[in-house]
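Sequence positions in the first sequence follow the UniProt record's numbering and run 1 to 284.
All residues carry an ideal CB built from backbone N, CA and C; glycine is no exception.
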Amino acid sequence: MPELPEVEVVRRGLADHVLDRTVAAVDVAHPRAVRRHVAGGPDFAARLAGRTITAARRRGKYLWLDLDGDEALLAHLGMSGQMLVADHGRPDEKHLRVRLRFADGGPELRFVDQRTFGGLSLHPVVGPDRLPEPVGHIARDPMDPAFDLDAAVAGIRRRRTGLKRALLDQTVVSGIGNIYADEALWRARLHGERPTEKLTRAQGRTVLAAAAEVMDAALDAGGTSFDALYVNVNGASGYFDRSLDAYGQADRPCRRCGTPIRRESFMNRSSFSCPRCQPRPRGL
DNA sequence: CGAGTATCCTGTCCGC
DNA sequence: TGCGGACAGGATACTC
1 MPELPEVEVV RRGLADHVLD RTVAAVDVAH PRAVRRHVAG GPDFAARLAG
51 RTITAARRRG KYLWLDLDGD EALLAHLGMS GQMLVADHGR PDEKHLRVRL
101 RFADGGPELR FVDQRTFGGL SLHPVVGPDR LPEPVGHIAR DPMDPAFDLD
151 AAVAGIRRRR TGLKRALLDQ TVVSGIGNIY ADEALWRARL HGERPTEKLT
201 RAQGRTVLAA AAEVMDAALD AGGTSFDALY VNVNGASGYF DRSLDAYGQA
251 DRPCRRCGTP IRRESFMNRS SFSCPRCQPR PRGL
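Shown next as structure tokens:
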């Protein structure tokens, strides 16, 4: 499940392999993969052909390739999306959704996505930051050089909800998914259902700094593990196996205090936390 | 309008 | 062995 560090690994791989290359032809193998391109698959393929890729950019979990002209090829990997740089003739992956061939005859770019939560689309880039339109409402992520920590803390405290919900809201801070939210809360020793209006500024700064630390660590681990010719979003899985303190650790002892980690139901999914280090707020 | 929830999808795992 | 159900979860359309 790609979160920000995995998406950044993919962005770097794309920067290495598709920059300054011109798209020759596009195959859309599954229409759902381009459902966010409202004009449809044939329009997507026709408009992408002949375009040259000028940059590989990212905000939060959104990834896009700037094209010549003021447009971008936007990608979201969803739950299971992968960008693969593949030599011709290599057998198609079972869940190949979109293929880009290039005019230089070099390796092609494949979008592979088992569960089709992800997708590709073309959009104008707008505003001073030259963002694709669907990214306009996404907040800066903690790895963005222009990320404003105090503004993000203020954004969280302005919400009237639980802390974990606020962390997952991509319009407040982007790039934090279920795994990193649980890890950040564990590091900050805060329960996810703590009301945001009772969160102190110091607690807010602590939990966001923790999120940034977890992301940095995952990027260090994932950024070195992918093959130069195979841009693989699963590159960071080794990090998850070894380094998670809370997420997925139900009944295993907390690394700080030894208390078994608890699993709770949250928004039709799961939250993991230490009952002792992260006590439930009173009354909840 | 803000908060919370239902929904999309498919592969894996578990119990019977 | 095979089947049914739970589970994984980002983003958004939807309701209240």
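Quick one, which of 249, 209, 193, 37 has its alpha-carbon nearest residue 266's? Of the candidates 249, 209, 193, 37, the one whose C-alpha sits nearest the C-alpha of residue 266 is 193.
Whole angstroms is fine: what's the gap from residue 14's alpha carbon to residue 280's? When rounded, the distance between both Cα atoms is 43 Å.
contact_flag[the segment 196-213, the segment 151-170] where n(CB pairs < 8 Å) is 3 or more: The segment 196-213 vs the segment 151-170: in contact.
From residue 264 to residue 34, what does the alpha carbon distance come to, in whole angstroms? When rounded, the distance between both Cα atoms is 35 Å.
Let me know the secondary structure DSSP gives residue 88 once reduced to three states. Residue 88: coil per DSSP, three-state reduction.
Can you tell me whether DSSP reads residue 7 as helix, strand or coil? In the three-state reduction of the DSSP assignment, residue 7 falls in the helix class.
Going by DSSP, name the residue or residues bridged to residue 22. Within the DSSP secondary-structure output, residue 22 pairs in a beta bridge with 52.
Just reading off the alpha helix (DSSP H) that residue 150 is part of, what are its end residues? DSSP places residue 150 in the uninterrupted alpha helix (DSSP H) bounded by 149-158.
Please list, in chain order, all residues of the same chain as residue 142 whose beta carbon is under 7 Å from its beta carbon, the five residues on each side excluded. Around residue 142: 173, 175, 208, 211, 212, 215.
How many Å lie between residue 4 and residue 60 at the Cα? Approximately 6 Å, taken between the alpha carbons.
Following the continuous beta strand (DSSP E) through residue 109, name the residue where it begins and the one where it ends. Its beta strand (DSSP E) spans residues 108-113.
The ligand SAM and residue 35: does any heavy atom of the ligand fall closer than 8 Å to the residue's C-beta? As far as ligands go, the structure on display features none, and thus does not contain the ligand SAM.
Option nearest residue 274 by Cα separation, candidates 268, 282, 254: Of the candidates 268, 282, 254, 254 places its Cα closest to the Cα of residue 274.
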